[in-house]
Amino acid sequence: FDDRDGFIWYNGKLIPWREAQFHVLTHGLHYASSVFEGQRAYSGKVFKSREHSERLINSGRILGFEIPYSAEQIDAAIEETVKANGLTDAYIRPVAWRGAETMGVATKGSKVHLAIATWVWPSYFSPEAREKGLRLHLAEWRRPAPHTAPVRAKAAGLYMIASMNKDAASAEGFDDALMMDYKGRVAEATGANIFFIKDGKLHTPTVECVLDGITRQTAIELAERRGIEVIVRDIWPEEMADFDGAFLTGTAAEIAPLGEIGPYKYAVQELCKDLMDDYTNLVNGRL
Ligand code: PMP
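For what it's worth, full-length UniProt numbering labels the leading residue of the sequence shown as 6, then goes sequentially.
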């Protein structure tokens, strides 16, 4: 991935992709003082750019650092990077971290760096899996409690758990993993939120222990626009036997139907297909 053409925005300017490096004594690498975003541009327009830039800044604040750029400046930098790489449909990865100015757990004296990379990432899951419904493994590692880790931030450190779960799922032939939270409630997939369908209504976990996804919010708005009731509540794993269907939401995953979660099987619901169509129309400016 580090060996390709193109440009990466790095601390205020565009530099060649291969030159976007940092020192091995970077604080973010050793102590996970790092936050990031995942965004998409469709037909040349970045979807909900401001919401993502604000979440990035807020994630940094939760970890105790201030990104030295405003949401407006980050939005502009993203547009500049997408254009410089000649992309119209792109995945965008802004990342902010504490640098190599200091070493040790303490952060005093470290500087906050920001980089933005963009590339083509058409489908997070295979088109066949998206058609039939994804298969989720029941994850071993749980989402930590809100007083154990900064679960509301999109913080790099939390993805240690996600990566271990994702790799275990892949090793067993699954598309992704569903994590429970510290109490045993249904939480989220490794990079997406989850919704269940029952009798024409949607059920989704509260955001106490999961990332408050921007796509999650969009899906709620699209459902309400169609007059579909959305119930945000605690969901327990035993309930998964009774749902009619389920789907994931996330910037990379978009809206993706589920076919299986561990021992539970679901048919792809019409309601889910409608929301997938609405989402495609919305992000392409056709709704
Ligand atoms: N949960 C986790 C753990 C994620 O990494 C993501 C992707 N950012 C999401 C949920 C979905 O968030 P969004 O819809 O804002 O992309």
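All C-beta atoms in this analysis are idealised placements derived from N, C-alpha and C, irrespective of residue type, glycine included.
Computed from a predicted structure; not experimentally measured.
Comparing alpha carbon positions, the residue from 214, 256 and 189 closest to residue 243 is 189.
Counting only runs of at least 3 residues, the segment 181-207 fully encloses the following beta strand (DSSP E) elements, listed from N- to C-terminal order: 181-185, 191-194 and 198-203. By the neighbour-count criterion, in which a residue is buried when 16 or more other Cβ atoms sit within 10 angstroms of its Cβ, residue 6 is exposed. DSSP places residue 19 inside the beta strand (DSSP E), whose first and last residues are 18-21. The count of Cβ pairs closer than 8 Å, one atom from the segment 121-136 and one from the segment 153-160, stays below three, leaving the stretches out of contact. Closer than 6 Å to some heavy atom of the ligand PMP: that describes the Cβ of residue 219. The Cβ neighbour count for residue 71, taken over all protein chains shown within 10 Å, is under 16; the residue is labelled exposed. The ligand PMP never approaches residue 77 closely enough for any of its heavy atoms to be under 6 Å from the residue's Cβ. Within the segment 111-160, the complete beta strand (DSSP E) segments at least 3 residues long are 117-124 and 139-143, listed from N- to C-terminus. DSSP places residue 221 in the uninterrupted alpha helix (DSSP H) bounded by 219-230. Around residue 292, the same chain offers 286 as residues with beta carbons nearer than 6 Å, after the five sequence neighbours per side are excluded. Per DSSP, reduced to three states, the secondary structure at residue 278 is helical. Short note on residue 198: C-beta closer than 6 Å to some heavy atom of the ligand PMP.
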